[in-house]
Structure formats: C-alpha cells, structure tokens
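Numbering (our numbering), first residue to last: 1413 to 1743. Note that the Cβ used here is the ideal one computed from N, Cα and C, for glycine as well. Computed from a predicted model, the values in this text were never measured in an experiment.
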C-alpha cells in the first residue's frame, strides 16, 4: 500500500496504481501540514511507502517532515520524494537530509528542460545509499582512470536491465550543464529568488484584497489565491480570471489545483522574472477584479485576443490531438 497526502498531484496515486499498489489518502490540516495523527493510524505492515512533495502543492514547507520520515521508516516503508517543488530548497536542504529514500526530479520545473507538448522528457531518479544495490542496469563506474559498464555480476541485487532508457538522454545532459553553469551559489540563488518572488506577490495581492489559501504562513516558491468569494458574490470563477489574464498578456497559472482549495489559482512566478513583470501580473489581477465587480459578463466571454477561445475540455480529454492543425487543414 502506498500512502499519498490529499494535497498531492494526481500523478502520485496514478503512478502507484499503475505499479500495482493500492493507494490510501492521508488528510492535510488547515495549516497545510500533513495530519501526522492520521498518518500514524494509517501505517502498518502493509505500508510500502509514502509519496510526498516538500514544499507541498499548497505552497508551504512540511514542518513535520522528520517525524513523518520516522513514522514511515518504523513501519518498514520508504519515503518517496516528488521533486516538483525542488526550486524552493535548492542549496538549502537536500531531500536525503529530510529522510527521503527515493527522489524523481522534475527537470522541466527546476533545471530548464523542455516540457510543452509532452517533452522530450527524462526520468532523473536518485536513491539513498541503502537502495543503490537495487538500481537498474546499465550503469557506469570508474576504476582508477577508466570508465566501464557495470554488469549483473557487479550488481547481483540489481532489478535488472531496462529494455529502454528512462527518457531522452539529451535532456539529462542539458539539465546537467545548467546545474554546472549555475554552480552551488547559483542554485542557492534559485531558491532564494523564487521564494522571494512568490512571497512578494502573495503579500501584494493580499494587500489588494485577494484571499490566500493559507494566510498565516510564508509561501515557498509558489502560493495559492482563492476567488471563492468572487464566485459566490460576483458569479465569476477562477477559470474566468485565468482566461481574462490571457487578454492582459499573461500566461494563466494553474487553476483548480490542488483540489483542496475551491476556485483557486496556483501562482508560481519562478526565479527568473523581473519585479516589473511581477507587478504587471499583480495589476492585471486587480484590473480583472474591477471588471468582475462592474461587468462580470466581460470575464465570462474571455479571452478575446486569442485565436482559440474556450475549449471543450471534455472533448479535448477524450480526443487527444496535439497536431490538430496539421490533421485538419481545411479548418
């Protein structure tokens, strides 16, 4: 059985299910932390592990991570790190220091690799020392000044040879070069700037009347605002805000995720945006709020400046076609 917090990305329970595990959801407290008491009650001999993102998708650091690691390890399970939010902790703390046994790194989120249209992607996975003997082959080692392939004779506990590589090798190289160019100091700046940008934006939006999901905590590299009040009083949704942002010249943030927060926008400014860009985004949201108060229908029809306006989400999910224009030139 794999345990997953209810604030987790849907890929976590989906991946566990694909691997044949049953999945059990662990609740999250209102302050954004995992419910440790619920976790204690859930673990047992059936527990294979816990999949966790830290900072979480709620945009806050899991303060009880050491206690969580102890609970999982005492139950005989492994602690799995979803590296989606690695930006916030680069150079500050390592997943292994928090007690994680396995990590997959989302290279597109942290290390400047492609993502749009599905990739090309690559599965960068790291493990703790106790899991190293089980890593798949092929692997390379260095003897004195020479490199050589490791075989099953060298690694008798390996899970074996993979039939294909874990994604695009060139993407791994690109991420590696990016890390070397940044260096330790540069990667630390990534965490500092991304966290500073997120907290600046969150503070400014709170001053302008927007409600945040966890108002009494600092953000990590991302934060959540909820427009549930606007939805109730003005009949405009988070999707309306997102679509209208496109008309203002800004890519819309993630909407309706995590599912715990109603009518939410998950805003992740990253470490690379200038203050002028952040201020422009803030002003755009304030302008949209004014429009919602005076002409809600303006938001319902947005976007007005895009070649494609509102998609049929259900149809798009059922008929995935990433080359629509090529396959339907007559339209």
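Just verifying my parser: in three-state terms, what is the DSSP assignment at residue i?
{"i": "residue 1425", "result": "helix"}
{"i": "residue 1584", "result": "helix"}
{"i": "residue 1484", "result": "helix"}
{"i": "residue 1694", "result": "helix"}
{"i": "residue 1680", "result": "coil"}
{"i": "residue 1589", "result": "helix"}
{"i": "residue 1745", "result": "Only positions 1413 to 1743 of the chain appear in the structure, and residue 1745 is not among them; the question remains open."}
{"i": "residue 1473", "result": "coil"}
{"i": "residue 1618", "result": "helix"}
{"i": "residue 1705", "result": "helix"}
{"i": "residue 1493", "result": "strand"}
{"i": "residue 1711", "result": "helix"}
{"i": "residue 1607", "result": "helix"}
{"i": "residue 1436", "result": "strand"}
{"i": "residue 1626", "result": "coil"}
{"i": "residue 1602", "result": "helix"}
{"i": "residue 1462", "result": "strand"}
{"i": "residue 1451", "result": "helix"}
{"i": "residue 1732", "result": "coil"}
{"i": "residue 1720", "result": "coil"}
{"i": "residue 1446", "result": "strand"}
{"i": "residue 1416", "result": "strand"}
{"i": "residue 1653", "result": "helix"}
Please identify the residue among the options whose C-alpha is closest to the C-alpha of residue i.
{"i": "residue 1711", "options": "1650, 1462 and 1686", "result": "1650"}
{"i": "residue 1689", "options": "1613, 1496 and 1558", "result": "1613"}
{"i": "residue 1633", "options": "1568, 1522, 1554 and 1429", "result": "1522"}
{"i": "residue 1525", "options": "1541, 1677 and 1589", "result": "1589"}
{"i": "residue 1535", "options": "1726, 1598, 1717 and 1587", "result": "1587"}
{"i": "residue 1532", "options": "1593, 1582, 1546 and 1722", "result": "1582"}
{"i": "residue 1455", "options": "1661, 1488, 1653 and 1625", "result": "1488"}
{"i": "residue 1596", "options": "1555, 1637 and 1506", "result": "1506"}
{"i": "residue 1673", "options": "1697, 1713, 1623 and 1727", "result": "1623"}
{"i": "residue 1764", "options": "1559, 1728 and 1421", "result": "Nothing in the structure corresponds to residue 1764, since the chain is present only between 1413 and 1743."}
{"i": "residue 1707", "options": "1540, 1652 and 1561", "result": "1652"}
{"i": "residue 1687", "options": "1732, 1608 and 1561", "result": "1608"}
{"i": "residue 1542", "options": "1508, 1664 and 1724", "result": "1508"}
{"i": "residue 1498", "options": "1692, 1627, 1640 and 1600", "result": "1600"}
{"i": "residue 1648", "options": "1717, 1427, 1700 and 1510", "result": "1700"}
{"i": "residue 1646", "options": "1709, 1698, 1593 and 1486", "result": "1709"}
Ordered along the chain, which non-local residues of its own chain (more than five positions away) have a Cβ less than 8 Å from that of residue i?
{"i": "residue 1537", "result": "1514, 1515, 1516, 1517 and 1578"}
{"i": "residue 1566", "result": "1553"}
{"i": "residue 1479", "result": "1448"}
{"i": "residue 1564", "result": "1549, 1570, 1572 and 1573"}
{"i": "residue 1694", "result": "1613, 1616, 1617 and 1620"}
{"i": "residue 1504", "result": "1600 and 1603"}
{"i": "residue 1629", "result": "1443, 1444 and 1472"}
{"i": "residue 1591", "result": "1523 and 1599"}
Cβ atoms of residue j and residue i: under 7 Å apart, would you say?
{"i": "residue 1461", "j": "residue 1502", "result": "no"}
{"i": "residue 1659", "j": "residue 1719", "result": "no"}
{"i": "residue 1444", "j": "residue 1470", "result": "yes"}
{"i": "residue 1667", "j": "residue 1677", "result": "yes"}
{"i": "residue 1680", "j": "residue 1643", "result": "no"}
{"i": "residue 1450", "j": "residue 1457", "result": "no"}
{"i": "residue 1654", "j": "residue 1635", "result": "no"}
{"i": "residue 1473", "j": "residue 1493", "result": "no"}
{"i": "residue 1545", "j": "residue 1500", "result": "no"}
{"i": "residue 1662", "j": "residue 1696", "result": "yes"}
Considering only residues of the same chain and omitting the five flanking positions on each side of residue i, which have a CB-CB separation below 6 Å?
{"i": "residue 1683", "result": "1602, 1605 and 1606"}
{"i": "residue 1425", "result": "1416 and 1435"}
Whose C-beta lies closer than 7 Å to the C-beta of residue i among residues of the same chain, with five residues either side of it excluded?
{"i": "residue 1383", "result": "Lying outside 1413 to 1743, the shown extent of the chain, residue 1383 is not represented and no answer is given."}
{"i": "residue 1452", "result": "1483"}
{"i": "residue 1519", "result": "1525, 1534, 1536, 1583 and 1587"}
{"i": "residue 1638", "result": "1623, 1625, 1673, 1674, 1675 and 1676"}
{"i": "residue 1685", "result": "1609"}
{"i": "residue 1446", "result": "1417, 1438, 1440, 1474, 1476 and 1480"}
{"i": "residue 1540", "result": "1508 and 1513"}
Subject >> 3-residue-minimum beta strand (DSSP E) runs that sit fully inside the segment 1495-1575, ordered along the chain >> reply: Runs of beta strand (DSSP E) with 3 or more residues, each lying fully within the segment 1495-1575, are found at 1514-1517, 1536-1539, 1551-1555 and 1558-1562, listed in chain order.
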